[in-house]
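Take a look at the structure below.
In this note's numbering, the protein residues as written are 58 to 331.
Rendered as structure tokens:
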């Protein structure tokens with residue numbers, strides 16, 4: 058996300074002099090009352106040119122979801138909202154030599170208000186650029202994100218049986234890449250799926266832009282959802298009911314970004330029943 062401070066946050070806060078908090082809260086009380094968490098890149102290229110840092114943002118409707126506090130085991134008191142965010146570890150640097158600390162993530166557990174249902178959401182933007190070394194970094198980052206999200210979800214299952222997972226973001230990788238496939242790998246506890254069909258027969262793409270080698274059209278943005286294997290048969294967990302269609306290539310008059318579609322990524326979205 059490039060325009061959080063200059064565009065998104067002013068819309069959310071809707072008042073002057075609001076202090077920067079871990080969670081930005083809107084002063085609006087209408088049905089579109091959204092809160093947000095933003096994690097900027099520590100060394101954003103945007104900042105070098107005098108702009109705000111880009112990074113990762115996670116927004117939710119505060120009339121439908123509430124944050125969950127991390128309980129202090131010694132006092133049994135609930136703390137501030139449980140949020141994990143920051144840069145990835147340097148474990149990938151050992152094999153690639155590439156700086157891996159400039160990619161960030163946010164992990165946030167949300168409870169559907171009025172229910173015991175919990176959704177653990179992980180958002181990220183993985184390492185860009187081609188090459189075996191960069192692909193390796195993306196794989197290790199994706200693996201770390203999944204492990205962190207699953208660890209939080211497993212902790213929450215001790216207090217709630219109905220816990221699901223969402224992992225979303227720009228992976229800078231195509232569906233066959235390791236960084237995507239490792240998210241979709243199921244284990245004895247969790248079963249993961251993509252909201253969008255990722256097979257080549259579906260003609261899906263999320264970016265189509267000019268590069269030195271010519272126009273590049275591919276899928277690099279994803280919405281993954283995970284359900285606990287032991288509760289899936291009981292109908293507990295997320296069910297994807299609809300996805301937002303993307304324009305066909307015939308409907309695109311120019312490559313991205315352009316005057317018709319000013320982003321270099323297409324908007325994707327999914328509806329879920331929980």
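Cβ coordinates follow ideal geometry from the N, Cα and C atoms, glycine included. Source: prediction; values computed, not measured.
- Assignment of beta strand (DSSP E) within the stretch 258-316, counting only whole runs of 3 or more residues, yields 264-268, 271-275, 278-285 and 296-300 in chain order.
- Runs of the beta strand (DSSP E) lying entirely within the stretch 147-224, each at least 3 residues long, are 161-169 and 175-182 in chain order.
- Contact check between the stretch 188-199 and the stretch 255-266: fewer than three CB pairs, one atom from each, fall below 8 Å, which does not count as touching.
- Closest in C-alpha terms to residue 301, from the list 329, 245 and 235, comes 329.
- Residue environment analysis places residue 176 among the buried positions, since at least 16 neighbouring C-beta atoms fall within 10 angstroms of its C-beta.
- For residue 97, the secondary structure class from DSSP, reduced to helix, strand or coil, is strand.
- Contact between residue 247 and residue 286 is confirmed by a C-beta separation of about 6 Å, below the 8 Å threshold.
- Pairing residue 241 with residue 250, the inter-Cα distance amounts to about 6 Å.
- Spatial neighbours of residue 225 in its own chain (CB-CB distance under 6 Å, excluding positions within 5 residues in sequence) are listed in chain order as 180 and 280.
- For residue 331, the closest alpha carbon among the candidates 325, 220 and 155 is that of 220.
- Assigned with DSSP and collapsed to three states, residue 119 falls in coil, not helix or strand.
- With fewer than 16 other beta carbons inside 10 angstroms of its own, residue 256 counts as exposed.
- Sixteen is the threshold: since fewer than 16 other Cβ atoms of the shown chains lie within 10 Å of the Cβ of residue 310, the residue is exposed.
- Rounded to whole angstroms, the Cβ separation of residue 167 and residue 123 is 7 Å, and the two are in contact under 8 Å.
- When DSSP reads this structure, residue 81 sits in a beta bridge with 93.
- By the neighbour-count definition (other C-beta atoms within 10 Å, threshold 16), residue 172 is an exposed residue.
- Look at residue 64 here: in three-state DSSP terms it is helix.
- Residue burial is scored here from C-beta neighbours: residue 163 has at least 16 other C-beta atoms within 10 angstroms and is therefore classed as buried.
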